[in-house]
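Chains as they are written, first to last, in this note's numbering: chain A, 1 to 289; chain B, 1 to 218.
Report on the structure given below.
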Amino acid sequence: MNIKIKDLTVTFKNGVTAVNHVDLEIPHGIYGLLGENGAGKTTLMRVLTTTQKPTGGTVIMDQMMYEESNYGNIQKKIGYLPQELNLYPNLSVRECLEYLGDLSGVPKKECRERIDFYLEKTSLWEHRKKKIRQLSGGMKRRLGLIQALLNEPEFLIIDEPTTGLDPEERIRIRNLLVDFSENRTVLFSTHVVEDLAATCNRLAVMRKGSFLYTGTVNELMNMAKGHIWVCAVKDDREARELEGQYHISSKQFVEEGMRLKIISEKKPPLPCSQPELTLEDAYMYVMSR
Amino acid sequence: MMKRELKICLPVYKIVYSVCYLVILSVIQGVAYMDEIGGALDANIALLAVVFCAETYVMERSGKRNEIIGLYPRKRKARMVFRRMAVQTVYLCLLSYAGYFFFFWQRPLNLGIHSFWFLFGTYVAAVTATILFWGTLSMTLSNLFQNQWAGIGLSVVLWLVVVYSLGKEILGKFGIFAYVYRSLTEPGDVSWLWGKGLGILLTLVMAGLVPYILKKRG
């Protein structure tokens with residue numbers, strides 16, 4: 001499945017433009033959507049799920065245009081895990097999934113088989129009889145992921161699934177996403193750079209409703225190459241002086257004083273070296289431009 | 001599915017407050033005669049139905065599930081709303097029928113004009129129509145404004161209009177609370193059935209609007 005977004009704009013009634021004339025093509029596989037809070041990621045995703053109507057531009061899913069007459073068919077192909085989802089606290093895990101499966105129109109027998117399969121895959125099988133209010137945050141996200149997969153969607157939209165989770169649970173969710181991305185198009189939004197580094201090879205970086213970058217992870221890393229510097233300063237005072245002149249992406253106290261990571265087009269007039277680049281460095285470089 | 005709807009629509013807190021409401025009503029509403037029990041309950045049960053049913057569908061919004069529910073076929077969502085309304089209506093009806101007997105601690109007398117079974121039977125008919133109308137009204141308004149407080153607020157305003165003299169004078173026997181104002185001394189006066197009939201008719205119209213409201217308001 002292929003999604004094409006052309007000149008998409010979303011302006012709310014209060015005049016705020018959350019998505020500003022963006023173009024994007026989301027191919028098969030996992031596609032990352034990276035950006036700070038309030039960048040417009042969730043609004044863009046809500047347009048793709050058909051829950052938010054754009055004020056301008058077009059979206060095409062394969063050959064199908066996003067318009068009211070096609071919404072029914074488009075919705076059948078979509079699985080969505082929103083950023084916040086409070087499933088029915090009084091239902092057990094299994095009951096909740098069966099309930100949502102029935103609402104989405106999946107035949108009963110198939111629904112039960114899929115639930116069994118995904119409960120096993122997400123290690124929730126032993127918790128299937130637990131009430132949802134008894135689950136941990138990570139388990140709830142895994143449950144949310146299963147509900148998004150119940151109708152076997154071709155296009156899976158996942159909005160910040162790892163926010164607030166401990167590292168172990170984050171890794172688990174990331175791995176599940178990779179497992180479930182087979183034969184699917186997955187749009188994975190996050191503001192945690194590590195999550196994308198571990199899952200995608202294509203991504204878009206969003207800020208204030210526009211894309212700062214779209215392309216592969218490698219190209220993004222190449223863009224940042226030669227613009228990230230590491231230097232050591234004696235104390236905090238010296239670090240603060242440098243902060244006034246350069247974009248500092250990280251500070252760390254070390255034995256000799258402080259170690260700074262500086263983003264700069266040119267080498268700062270200090271003893272500096274070039275570190276091994278991470279996706280986070282590349283992201284910070286794009287954001288600082 | 002019904003079992004799941006039961007768990008979703010009837011959490012413990014709703015059962016507790018609805019039972020407490022009827023117990024309190026039976027304590028603060030004085031009745032001297034059995035004939036007065038139905039009238040004492042009918043309009044007040046309407047308020048309970050308004051509060052009870054307002055969140056039928058908008059609970060999906062407050063639980064932030066509306067974005068996933070929004071992807072489901074409209075027919076199935078409408079069916080879900082009807083199932084929930086059915087569960088809540090049956091519960092409220094059973095509670096209100098039981099609530100009739102809560103007043104018996106006051107040892108009300110029977111005027112002797114109507115038998116107990118006539119009084120109870122007419123009460124059952126009247127209160128069922130009341131619950132259907134006010135529950136559906138509050139659910140419809142909540143869905144329309146996507147906010148349960150708007151649904152409750154507007155329904156209460158309408159309740160205030162029809163429960164007091166304005167409703168009695170203008171609507172007469174066609175008022176939804178005509179049963180409350182019926183003459184207790186006239187044997188066999190069932191003209192209030194017009195009001196309840198009209199209420200049921202309006203309930204059906206509102207139920208018919210559910211799929212369209214879900215389409216327009218998500």
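Cβ coordinates follow ideal geometry from the N, Cα and C atoms, glycine included.
All figures in this text were calculated on a predicted structure; none of them were measured in a lab.
Report task. Would you kindly work out how many angstroms separate the C-alpha atoms of THR89 of chain B and SER142 of chain B, rounded to a whole number? Result -> 17 Å
Query raised in the report: Expressed to the nearest angstrom, what Euclidean distance is found between the alpha-carbon atoms of ILE152 of chain B and MET206 of chain B?
Result: 16 Å
Query raised in the report: Taking the DSSP output, what are the residues bridged to GLU25 of chain A?
Result: A:LYS4
Query raised in the report: Where does the unbroken beta strand (DSSP E) through GLY188 of chain B begin, and where does it stop?
Result: That residue, GLY188 of chain B, is in no beta strand (DSSP E); it is neither H nor E in DSSP.
**Report entry** Cβ neighbour criterion (16 or more within 10 Å) applied to LEU100 of chain A
**Finding:** buried
**Report entry** Neighbour list for GLY105 of chain A in chain B, Cβ cutoff strictly below 8 Å
**Finding:** TYR72, PRO73 and ARG76
Query - Members of the region 51-77 of chain A near chain B, C-beta cut-off 8 Å - result: THR51, GLY72 and GLN75
Query raised in the report: At a Cβ cut of 7 Å, what residues of the region 50-66 of chain B count as close to chain A, listed as they run along the chain?
Result: GLY63, LYS64 and ARG65
Report task. Look at the Cβ atom of PHE52 of chain B, then the Cβ atom of GLY135 of chain B, and state whether they are nearer than 8 Å. Result -> yes
Query raised in the report: Does the Cβ of PRO161 of chain A have 16 or more other Cβ atoms within 10 Å, making it buried, or fewer, making it exposed?
Result: buried
**Report entry** Contact between the region 47-54 of chain A and the region 238-257 of chain A (3+ Cβ pairs under 8 Å)
**Finding:** no
Requested in this report: To the nearest angstrom, report how far apart GLU182 of chain A and GLU194 of chain A are at their CA atoms.
Outcome: 21 Å
Query raised in the report: Is it true that the CB of GLU25 of chain A sits closer than 8 Å to the CB of LYS4 of chain A?
Result: yes
Query - Under 9 Å by beta carbon: chain B residues contacting LEU91 of chain A - result: ARG4, LYS7 and ILE8
Query raised in the report: Ordered along the chain, which non-local residues of its own chain (more than five positions away) have a Cβ less than 6 Å from that of GLY39 of chain B?
Result: VAL180
Query raised in the report: Which runs of the beta strand (DSSP E) spanning at least 3 residues fall entirely within the region 77-154 of chain A, listed in chain order?
Result: 78-81
Requested in this report: Report the residue from B:TYR17, B:ASN44 and B:LEU154 whose alpha carbon sits nearest the alpha carbon of GLN29 of chain B.
Outcome: B:ASN44
Report task. Measure from the C-beta of GLN147 of chain A to each C-beta in chain B and report whether the shortest distance is under 8 Å. Result -> yes
Query - GLY257 of chain A, enclosing beta strand (DSSP E) - first and last residue - result: 257-263
**Report entry** Integer-rounded CB distance, given that SER155 of chain B should sit under 8 Å from SER138 of chain B
**Finding:** 4 Å
Query raised in the report: Contact check, MET65 of chain A vs THR58 of chain A under 8 Å by CB: the rounded distance?
Result: 7 Å
Query raised in the report: How big is the Cα-Cα spacing for GLY32 of chain A and MET221 of chain A?
Result: 15 Å
**Report entry** Cβ distance (whole Å) where TRP192 of chain B is taken to contact LYS173 of chain B below 8 Å
**Finding:** 6 Å
Query raised in the report: Would you call the region 65-76 of chain B and the region 126-135 of chain B touching, i.e. three or more CB-CB distances under 8 Å?
Result: no
Query raised in the report: Is ASN37 of chain A close to chain B, meaning its C-beta is less than 8 Å from at least one C-beta of that chain?
Result: no
Query raised in the report: At which residues does the alpha helix (DSSP H) containing LEU94 of chain B begin and terminate?
Result: 74-102
Requested in this report: May I ask you to report which of helix, strand or coil DSSP gives PHE174 of chain B?
Outcome: helix
Query raised in the report: Among the residues of its own chain, which have a CB less than 8 Å from the CB of ALA232 of chain A, if the five just before and after it don't count?
Result: VAL254, GLU256, GLY257, MET258, ARG259, LEU260 and PRO271
Query raised in the report: By the criterion of Cβ-Cβ separation under 8 Å, what are the contact partners of ILE213 of chain B in chain A?
Result: Residues of chain A passing the Cβ test: none, with the nearest at roughly 16 Å.
Report task. Please name the residue or residues paired with GLN252 of chain A in a DSSP beta bridge. Result -> A:ARG259
Query raised in the report: Is the Cβ of PRO11 of chain B closer than 8 Å to any Cβ of chain A?
Result: yes
Query raised in the report: Whose C-beta lies closer than 8 Å to the C-beta of ASP166 of chain A among residues of the same chain, with five residues either side of it excluded?
Result: GLY138
Query raised in the report: What residues are listed by DSSP as bridge partners for THR11 of chain A?
Result: A:THR17
**Report entry** chain B contact residues for THR347 of chain A, given Cβ-Cβ distances below 7 Å
**Finding:** Here chain A has residues from 1 to 289 only, and residue 347 of chain A is not among them.
Query raised in the report: Between the C-alpha atoms of GLN252 of chain A and THR216 of chain A, what's the straight-line distance to the nearest angstrom?
Result: 30 Å
Query raised in the report: Are the CB atoms of THR199 of chain A and ARG172 of chain A nearer to each other than 8 Å?
Result: no
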